[in-house]
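Here is the structure we will look at, set down as structure tokens.
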Amino acid sequence: MTTAVRVARGENAKRLASCLGVALVVALMTGSEGNGAKPFLGVRKSLLAPRVLLYLLLGVLLWAALNGVRWLRTRPASTAPVVPLDAQMAEATADSKTASWQLRVSAALIDAVLDFLAFAPLLVLAVLMGHSAGGYGFLILTGYLVSLAFALQQTFVEGRSGQTIGKALIGVALVSEKTGKPVGFGRALLRRLLHVLDAIPLGLGYLWPLWDEKRQTFADKLLHTVVVPVTPNPTAPAAAYRDVSKQVNSSSTTRLALLAGVLAFSIIYPSQLEGRWLTVLTTQIGIFILLTIGLNIVVGFAGLLDLGYIAFYAIGAYTVAYFTHGAARNGKILYPLPVHPPFGLNLFLVIPIAVLACVIAGVILGGPTLRLRGDYLAIVTLGFGEIVHIVAVNSDPITNGPRGAFGIPAPSLPYFDLHGSLKHFTFDQDLSYWYLELALIVLVVFLVRRLENSRVGRAWTAIREDEVAAAASGIATVKFKLLAFALGASTSGFAGVLYAGKVNFISPDNFILLNSILVLVYVIFGGMGSLPGAVVGALLLVWLPEKLKDGILGFSIQPADRFIYFGALLVVMMIFRPQGVIPSKRRAREIRMAESGLGGADGTGVAEGTLQQ
Amino acid sequence: MTTVSDTIDASEGVTDAIVSARALTLRFGGVTSLNNVTIAQQRGEILAVIGPNGAGKTSLFNCLTGVYEPQEGSITLRPSKGGEVSLLKRKPHKVNNLGVARTFQNIRLFNALTAVENVKIGVESRQHAGPVSAMLGLPNQRREERESDARAVELLSFVGLAAQANELAASLSYGQQRRLEIARALATGPELLLLDEPAAGTNPSEKIELTELIRRINREMQISVLLIEHDMRLVMALADRVAVLNFGKVIAGGRPEQVQRDPAVVEAYLGAAEEDEAS
Ligand SMILES: Nc1ncnc2c1ncn2[C@@H]1O[C@H](COP(=O)(O)OP(=O)(O)O)[C@@H](O)[C@H]1O
Ligand SMILES: [Mg+2]
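Structure follows, in structure tokens:
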């Protein structure tokens, strides 16, 4: 009984949130304040418009109507055990004693966001019906990428035991209707995708359970699955220690909520920015965040000092220049480079090629050198970075020398419009490009984070802390170092691709040693081995010099002078907060222990074959 | 009877050797750490290597596990699944993968990781899920993760550290750290376990627990144990056979009682120890 009540209440909140969200978007879209080119510019104005209130009221009414029907229907059935719906997972959590209010709130939030995203096609519909949606299109695209990521994440958990998933959905499992056992991965995935889909046309996914006794979604019906609550088995020893790796990275629900906030901010705020800052955001901040995340794998996770990191960025960028070309003008195609393949590729298709090229370059460079100790590696990578730069400058017939490559086209995505004709959406605006970058950054963070908490991430930590002990514990140290190196390289190359696609012009000047060092500085400043640190480090240190150009509180510096201040900032930082702005917990411990004389924090200086005694 | 300068063949009487080293010689510049050492371990036994400090015991371990490469000699491992492999010129992690795990004289744990994570690293060195599985959270990775959690917890209970599972390795007591290192070594599923002075720095009650633990590793898990230890009581209680090293040479080998009475041993090493014990 109590379960039923709680379930209903949680769902109500979520529905209300969705209804209000849709109402708000519709209200914003139907106004005249926005315009196509700067879609969000009118947001502030239109938020204050009286019709918004009206729409919100309509939202509440819609919600009440939905609920009223539902309430009438569920009442008599309340004696039967209530199987929580997928959408109600949050509430099942509320039943377990461990669920805190943060947990419940963020679970509800996540759910609301998810379903709100499922309504995005409404917006598309509105656009097709003649409303000027402008920038909303990118929002929807980003939304779908994010919701897809969420959906995937949930899938893996539902299929297994439902005991984890960002902690929001603890306590629920997806089981087969017939056997009562958790379903396999494939079915769970399929169900998830179907579920996202069935929520699309006017929230059919919501309405469905109203006349379904078993309270399954449409997808559940098709696949014969039911979501059931599971009581975590406290006697299972493994379950008791399940949280260990999470503790280390404290992926608490508070963090989850914070993350949602940051995400919302990075979606909405840039639309309010004026031109110059949008350019800084897309051509520098976004790109350097990606670069820093990549180098953080190499330096922070595996403890390898890579001073030629930007070389891979160059390889990525030149790969794009090679494989793409602009539109023909006067019957003549302008190629970015003097050399080119017989066909031109879309930038999105060049990504895997560039990543592969960087992995290969990374392995060729790392293979022989990663057997060396940290300091040698630094020198060799430094040399590699310089070689790549010099090759770029001097190989005129291939790289166009110091003049660089220009005319690299912006990436575009094909789509079919209502009339079935093929169109291309081109990411040639700052704002749309930012959303593209944001989606990719989110994706990379998501993947790298999983890596960190996996067998691979722990092996890196082991190698960084004590290579001899790691090898004695059976870890193939060279293999794992090479892996870190290659992953860092490919992220760097990926960033290079994005950069080239944005500025449409690259020259060897983009790939100087200074940039390698800057990225390293961002990693150290943010906190070695910390993903949020990498993001914040890059963000702050790219933003600050730009801001100082404008002047802060009347204080401004010449861009050329910024490195003096950088240096000073770093020195101060290393004295007062050597672990970085947002340190990784493991790293912070290492530093603390090194200070109390208990082992080495010097990640790059772990001696190979350190001798016994 | 042998004289001090003679080299003894400590592989005599070994019928089914899990590992045997022949005529090992290891030099560091002018220092000869191991001088024509021949030693073999019977499958399933506890073999103790004793000897004064600097005798070359740890050097022997390092040769066996691929950390040092001896200038002369051969080392052969005969895993229970059959066949013979040479351990010479093999990388430490390869040696470990072949079923030889070790602990270190000066404890080498991953200090910033928790106890359970330390053990998981051992378990996970045998797993296969790669970076892609990890990034996408594929089912095989999730299964392995659960397995390594379960196994690590099991091993922690086995060595008596279940309650400390979530504590940082560095925050454990000396005796606990020694046991954690043993658990990490066991996690790699060895057939042969090399323990380098596991009782060093532990208190008497911890020594008793440790003796029991090593016996259980040997009997319950059927793991052959090669043990370096100074504590004679522990050695006498545990070892099936004892080999004595002095100045890089094997000076005696055989059953514990036998070795204890060997004049060469008494002269080199035990004399002092027995006096200690008598007093
Ligand atoms: N890496 C090394 N470099 C130089 N000498 C070493 C090295 N390792 C061990 N030795 C020397 O080899 C001898 C044996 O050392 P070791 O095997 O550690 O002795 P034990 O473990 O029996 O106390 C000592 O004289 C020691 O100094
Ligand atoms: Mg020693």
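Residue numbers (the numbering used here), protein chains in the order written: chain P, 151 to 763; chain L, 743 to 1021. By construction, the Cβ of each residue, glycine as well, lies at the ideal position given by its N, Cα and C atoms.
CA-CA distance, L/R850 to L/L928, rounds to 15 Å.
With a cut-off of 8 Å on Cβ pairs, the region 549-569 of chain P is in contact with the region 650-657 of chain P, counting three or more such pairs. Judged by their CB atoms, L/S753 and L/T780 are nearer to each other than the 7 Å cut-off.
Excluding five sequence positions before and after P/T576, the CB atoms of its chain that fall closer than 6 Å to its own CB belong to A560 and S562, given in chain order. Distance between L/E971 and L/R957, taken at the CA atoms: about 14 Å. At least one beta carbon of chain P lies nearer than 7 Å to the beta carbon of L/P834.
Approximately 23 Å separates the beta-carbon atoms of P/L720 and P/F661; this is outside 8 Å, ruling out the contact. Rounded to the nearest angstrom, the gap between the Cα atoms of P/L428 and P/I667 is 25 Å. Judged by their CB atoms, P/A639 and P/G512 are nearer to each other than the 7 Å cut-off. Rounded to the nearest angstrom, the gap between the Cα atoms of L/T749 and L/S762 is 16 Å. Pairing L/G798 with L/G864, the inter-Cα distance amounts to about 27 Å.
Scanning its chain for C-beta atoms nearer than 6 Å, with the 5 sequence neighbours on each side dropped, one finds around P/V538 the residues A461 and A464, in chain order. With a cutoff of 6 Å, L/K799 counts as near ligand 2, since its C-beta is closer than that to a heavy atom of the ligand.
Against chain L, a Cβ distance below 9 Å from P/T519 picks out nothing, because the smallest value is about 17 Å. One finds R850 and F852 in chain L with Cβ atoms closer than 7 Å to the Cβ of P/D616, taken in chain order. Under the Cβ distance rule, P/G624 counts among the residues neighbouring chain L, one pair being separated by less than 7 Å. Distance from L/L955 to L/V901 at the Cβ level is roughly 6 Å; contact confirmed, criterion being Cβ atoms closer than 8 Å.
With a cut-off of 6 Å, the C-beta of L/F770 is classified as near ligand 1, since at least one heavy atom of the ligand falls inside that distance.
Pairing P/E615 with L/Q906, the inter-Cα distance amounts to about 21 Å. Distance between L/E811 and L/N795, taken at the CA atoms: about 21 Å.
A distance criterion of 6 Å places the beta-carbon of L/N795 in contact range of ligand 1, judged by its closest non-hydrogen atom. Shown here, P/V721 sits in a helix according to DSSP, grouped into three states. Distances taken from the Cβ of L/S775 to the heavy atoms of ligand 1 include one shorter than 6 Å. With at least 16 other beta carbons inside 10 angstroms of its own, L/N988 counts as buried. In this structure, L/F846 lies near L/D938, with their beta-carbon atoms less than 7 Å apart. Taking each of P/V543, P/A452, P/V489 and P/L431 in turn and checking the Cα distance to P/T627, the smallest one comes out for P/A452. Listed along chain L, no residue sits closer than 9 Å to P/V505 by beta-carbon distance, the nearest being about 12 Å off. Below 8 Å, enough C-beta pairs join the region 594-606 of chain P and the region 864-877 of chain L to call them touching: three or more.
Nearest to L/K833 by alpha-carbon distance, out of P/W584, P/L515 and P/V618, is P/V618. Distance from the C-beta of L/Q847 to the nearest heavy atom of ligand 2 is below 6 Å. Counted as a single uninterrupted DSSP element, the beta strand (DSSP E) harbouring P/H574 occupies residues L572 to T576. Listed along the chain, the chain L residues whose CB falls inside 9 Å of the CB of P/E740 are N853 and A854.
Excluding its 5 nearest sequence neighbours in each direction, L/T807 has C-beta neighbours in its own chain below 7 Å: P834, V837, V842, R844 and L936, listed in chain order.
For the pair P/T531 and P/D456, the CB atoms are nearer than the 7 Å cut-off. In chain order, L601, V606, L633 and L637 make up the part of chain P whose C-beta sits under 7 Å from the C-beta of L/P873.
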